[in-house]
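Please read the structure below before turning to the comments.
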Amino acid sequence: MASMAQRPIVDVPGLAAEREVRWPKRTKAKLANGLELILLESHTIPRFHGELYFRSGNAAAASRGVALAEMAATMVRTGTAKHSSREIEELLRGLGADLSVSGGQDNSAISFAGLSDHAEPLLQLVNELARQATFPANEFERERRQKLEEVKLERTQPGFLAGERLRKILFAGHPYAQVSPTEEQVAAYTREELQAVYRDLYVPENAILILVGDFDPVAIQKTAEKIFGDWTGKKAAVRESTRPPTVNGRRVHLVDLPGSVQTQILCGCMSITRKHPDWLKLGLTNSLYGGAFNSRLVMNIREDKGYTYSPRSGVTPLRQHGYFSVSAAVRNDVVAASLTEIFYEMDKLRSLPVPPTELLDAQNYLTGVFSMGLATQSGLLSQISTLALHDLPNDYLETYRERVRALKAEDVLSAARNYFDSANMQIVVVGDRAQIESQAALFGELEICDAKGNRVS
0 MASMAQRPIV DVPGLAAERE VRWPKRTKAK LANGLELILL ESHTIPRFHG ELYFRSGNAA
60 AASRGVALAE MAATMVRTGT AKHSSREIEE LLRGLGADLS VSGGQDNSAI SFAGLSDHAE
120 PLLQLVNELA RQATFPANEF ERERRQKLEE VKLERTQPGF LAGERLRKIL FAGHPYAQVS
180 PTEEQVAAYT REELQAVYRD LYVPENAILI LVGDFDPVAI QKTAEKIFGD WTGKKAAVRE
240 STRPPTVNGR RVHLVDLPGS VQTQILCGCM SITRKHPDWL KLGLTNSLYG GAFNSRLVMN
300 IREDKGYTYS PRSGVTPLRQ HGYFSVSAAV RNDVVAASLT EIFYEMDKLR SLPVPPTELL
360 DAQNYLTGVF SMGLATQSGL LSQISTLALH DLPNDYLETY RERVRALKAE DVLSAARNYF
420 DSANMQIVVV GDRAQIESQA ALFGELEICD AKGNRVS
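If you use numbering that gives the first Met the number 0, the sequence shown corresponds to residues 0 to 456, in order.
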């Protein structure tokens, strides 16, 4: 067998010219009751995908309790004034359709997909779930028991514990600090308070219906008006939230998980929302740092040093605020070494311009991923949903690739200096205190708590 030195060098072909994206026709309308419609034609397959979004979630219901919008969403599909949960499942099977209901921090949603020929009956079912969910008592008790098991399991997962602790540190009294309820809070849930959240959030003035698929937009708009036009309900008043605190100085927050064989590291700081003019700059900078498989952080602590399998970084853009975070699950003996490299790569991006070839690779990655995401109906729906829910300019998607290509090395340097707040980064480590405390203490003032968030030191 030929040695590595004897093998011929193969030239890797250059990238082909970027394909033009032909955007489907987009139709926008607003019904008299306030419901917004966005319709996109996509005739690749005889199906359609849709989301009925409500611009409120757990944060809007925080004054009532923790994660109530999320729990209310799980109940929506369990029965309506017309159909039991079993009948709803049979209807969906008969239509060859998929449907789910979810609740997050800022939004709740009924997501669905089905054959274009069955669009009207599927939209009728969506309308029924949005308006006539009954929250049956027996289903409520079953869902609450299941939620109790979920929150018990969460307390054993280092990734969850790290994320919960970081959000509490960054957001304190703001509703975004509330990630998941305790067992006691779930046990105190009542069917009546979930119904109240449903009545407040699931109203047309608070909603936007987005449909992407194989349909005639004029016909589908008439169908939507017929089905949803007599729906009534006003958006509830928005409570003003407490501003997140200003966190000064790097601090370390250790969550003790005795016996853990590895340590979950999560570092974070406040950042920006999708509407901020620096969003694309920060997205490119994050891709270079730890947001892509060939990013600097991955090449350093995964490929070169073997400290972890899947380090990553990202910016989470909530509606009112955003935050930047870096995560890695590492061996207990390399916690300090991993943190050293995390901050080394962060400070390097803050100090030195990115070389042209590396910048071009990152731009190719971002524009390529974006283009691939437009190849399916569900991908188009995701992009249009981002546009609508974050109130972005109408041409945001059409000009995305051009604007990413126009970014320069100085834009990356500026974004890193402004948003990779190394000096005030909050560090969360979840693991066996006995094995990692001395390493964690090297990086800042140390606070220690247990898996339930109770301070122990």
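Here a beta-carbon is modelled for each residue, glycine too, at the ideal position from N, C-alpha and C.
Query: Beta-carbon gap between Leu36 and Lys27 smaller than 8 Å; Result: yes
Query: Which of helix, strand or coil DSSP assigns to Lys27; Result: strand
Query: Residues near Phe139 by beta carbon distance below 6 Å, same chain, minus five either side; Result: Arg190
Query: CB of Asp213 within 8 Å of CB of Arg21, strictly; Result: no
Query: Start and end residues, beta strand (DSSP E) containing Asp97; Result: Asp97 to Gly102
Query: CB of Ser500 within 8 Å of CB of Ser324, strictly; Result: The requested residue 500 is not part of the displayed model; the chain covers only 0 to 456.
Query: For Val246 and His173, the rounded distance between their alpha carbons; Result: 14 Å
Query: Check whether Gly64 and Glu192 have beta carbons under 8 Å apart; Result: yes
Query: At least 3 beta-carbon pairs within less than 8 Å: the segment 276 to 286 vs the segment 433 to 443; Result: no
Query: The beta strand (DSSP E) enclosing Ser294, as first and last residue numbers; Result: Premise fails: Ser294 is in no beta strand (DSSP E) and is neither H nor E.
Query: Environment of Ser309 [buried if 16+ CB atoms lie within 10 Å]; Result: exposed
Query: Secondary structure of Met3, DSSP reduced to three states; Result: A caution first: Met3 carries a pLDDT of 41, below 50, which makes its placement in the model too unreliable to give a value.
Query: Where the alpha helix (DSSP H) containing Ser370 begins and where it ends; Result: Pro355 to Met371
Query: Pairwise C-alpha distance: Gly162 and Ala405; Result: 34 Å
Query: Asn417 versus Val260: straight-line alpha-carbon distance, rounded; Result: 36 Å
Query: Other residues of its chain near Gly158: CB distance less than 6 Å, five sequence neighbours each side excluded; Result: Gln263
Query: Sub-8 Å separation of Leu121 and Ala223 beta-carbons; Result: no
Query: Tyr197 (DSSP reduced to helix, strand or coil); Result: helix
Query: Supposed contact pair Gly56 and Asn106 - C-beta distance, whole angstroms, cut 8 Å; Result: 5 Å
Query: Range of the contiguous alpha helix (DSSP H) that encloses Leu338; Result: Val334 to Ser350
Query: Own chain residues within Cβ distance below 7 Å of Tyr364, not counting five before or after; Result: Ser286 and Ala291
Query: Sequence-distant residues of the same chain with beta carbon closer than 6 Å to Ala71, five excluded per side; Result: Leu193, Val196 and Tyr197
Query: Pairwise C-alpha distance: Tyr52 and Leu358; Result: 36 Å
Query: Rounded C-alpha distance that separates Ala136 from Thr77; Result: 10 Å
Query: Spatially closest choice to Glu344 from Asp332, Thr315 and Ala415, by CA coordinates; Result: Ala415
Query: Cβ pair Gly430, Leu256 closer than 8 Å; Result: yes
Query: Beta-carbon proximity list for Lys234, same chain, < 7 Å, skipping 5 on both sides; Result: Val202, Glu204 and Asn205
Query: Rounded separation between Val178 and Gln362 - CA only; Result: 33 Å
Query: Closest by C-alpha distance to Met458, when choosing among Val334, Pro180, Thr385 and Gly267; Result: Outside the displayed span of the chain (0 to 456) sits residue 458, for which this structure offers no information.
Query: Status (buried if at least 16 other CB within 10 Å, exposed otherwise) for Ile383; Result: buried
Query: Beta carbon of Arg143 nearer than 8 Å to that of Tyr188; Result: yes
Query: Residue interval of the beta strand (DSSP E) (run including Pro316); Result: Arg311 to Pro316
Query: Proximal residues to Gly258 (C-beta, below 7 Å), its chain only, five neighbours per side dropped; Result: Asp431
Query: Ala58 and Ile207 closer than 8 Å at C-beta; Result: no
Query: CA-to-CA distance, Pro243 to Ala171, given in whole angstroms; Result: 6 Å
Query: CA-to-CA distance, Glu409 to Ile209, given in whole angstroms; Result: 38 Å
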